[in-house]
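Position 13 of the sequence shown, counted from 1, bears residue number 13 in UniProt numbering, the numbering being contiguous throughout.
Glycine included, every Cβ here is placed at the ideal spot set by N, Cα and C.
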Amino acid sequence: MDRTEVVGERVRRWVARAYDLVAPWLLGVAVFLQSIATVRDWNAPLVLVLTALTGVAAWMARRRRWPLFATTAAGVLLLGLWPGLLVSAYYAGTTLRRRRELAVFMAGCLAVLLPAYTFFTDFGVRMVGCRQPCLGTGAQLDGLANKGSALLFVGMGLMLGLWVRARREVLAGLHERAERLEREQAARAEQARGQERARIAREMHDVVAHRVSLMVLHAGALEVNAPDERTARAAELIRGTGREALENLREVLGVLRAPSGGAPAPFAPQPGLDDVARLVEQSRAAGIEVTRRDEGVPRELPAMVVSTAYRIVQEALTNVHKHAPGATVEVVVGYRDDEVAVTVRNEAARRPAAGPSGGFGLVGLRERVLLLGGDFRAGPTGRGGFEVFALLPARASRTDTEPAIAEPADAEPADAEPDRGAAT
């Protein structure tokens, strides 16, 4: 919590304390002025009246710490003034949490209401020197007690306070639930990003390990067939350095690939754009109309670009299966000068979707594309469909025909649906 939040919390706490003290006191003054509006020959000491009102306000100000004592005492003292009795009952409803406390409050009011109203009336008239009953006392209080109106005021204030408290609790619960769901959503998104980063790191290290292995192999061949001593020493240095780098990479890969601390898993070839046709055929076999077309001239691409493009198509088609059954889909791979554009666009669903989605598959794809320096967009179309678009940089191309990348055999196969759901 920073300094601003600390200061703000202190200000809110002091404002709440001031409200607890000033608001009941002002209410008591207003009620008292209303009660003496028709009084003639007022001669009571003003200091005594203000002291009594301050005492009631102080009691009400402690309702947060001692709610039962404060509200019950104020309710008993304000029996002769029905607006104050109404407010006291309201505060009792908002602050008393247990049924036993509410029962004690009601019992305290009822215990003194009927037998004591005459005493309060006579005492109030003698104290202020009134020649006629004050408003809310005397004959008026007699009428209230006889007709049960005082009980009605207590019940009205109590019910209103209970309703306000219940509403506050519901709103607080909804706010807490929204915060909890937001935290869970953020945690799941972070988990998806972490999993995607781990797989990207594994693939990148596998690419480097493969290239370094080729470098060591060619350096060894050059060392054997070197035309002179200088070239042989350089080749030996390259081969030794490459072996050290390869050992370091293998240590990192062993940690990344080890399932639950076990031995590293064997390698399996990483799928590429050539395997997109298999994804299309699988979707067609599942009853989805899928068309695929290539724009530009296909060419060799970096291994990470090929792997990412395949994952984009795989995730998008999986989303169509889950969230847009029966929709027609178009897969477009565009080869440009320095970029590769992958677009998967589907129309509106023809049948109800299987269920809601968390969108974490798209979070992982976005993370993967951004790490490559590309652009990723996913969102609904104007006709009720959904479009996934990625623009990947094609900075280099492979010169060899061997697989340039590998991943553990226990990784996700090419024809498997990812275990992430994304909104379509």
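Query                                                                                                          : Result
Close Cβ partners of Leu162 (< 6 Å) along its chain, the five nearest in sequence each way excluded            : Gly93
Segment contact flag, the stretch 236 to 247 with the stretch 270 to 288, C-beta cutoff 8 Å, min 3 pairs       : no
Pro298 classed as buried or exposed, judged by whether at least 16 other C-beta atoms fall within 10 angstroms : exposed
Three-way DSSP call (helix, strand, coil) for Ala378 in this model                                             : strand
Opening and closing residue of the beta strand (DSSP E) in which Leu392 lies                                   : 386 to 393
The stretch 166 to 178 contacting the stretch 337 to 352, beta-carbon criterion three pairs below 8 Å          : no
Where Ala198 falls, given that 16 or more other Cβ within 10 Å makes a residue buried                          : exposed
Three-way DSSP call (helix, strand, coil) for Gly373 in this model                                             : coil
Residues that Gly93 bridges to, as DSSP identifies them                                                        : Gly93 pairs with nothing; no bridge assigned.
Close beta carbons around Leu160, own chain, < 6 Å, minus the five adjacent residues each side                 : Tyr90
Beta-carbon gap between Arg239 and Ala219 smaller than 7 Å                                                     : yes
Nearest neighbour of residue 458, chosen from Ala324, Gly384, Leu391, Arg293 [CA to CA]                        : An answer regarding residue 458 cannot be provided, because it is not within the stretch 1 to 424 covered by the chain.
Runs of alpha helix (DSSP H) wholly within the stretch 266 to 328 (minimum 4 residues, chain order)            : 276 to 285, 303 to 323
Glu339 in three-state terms, based on DSSP                                                                     : strand
DSSP three-state assignment for Val346, whether helix, strand or coil                                          : It is Asn, not Val, that sits at residue 346 in the sequence shown. Three-state result, Asn346: strand.
Length of the line joining the Cα atoms of Arg230 and Glu223                                                   : 10 Å
Test item: CB-CB of Val332 and Arg377 under 7 Å                                                                : no
Rounded separation between Thr318 and Phe389 - CA only                                                         : 15 Å
Residues sharing a beta bridge with Gly334, DSSP                                                               : Glu295, Ala341
Inter-residue CB distance, Thr338 and Ala286 (contact presumed, cutoff 8 Å)                                    : At residue 338 the sequence reads Asp, which differs from the Thr that was named. 36 Å between Cβ atoms; not a contact.
Nearest residue (CA-CA) to Arg366, options Thr4, Ala166, Ala316                                                : Ala316
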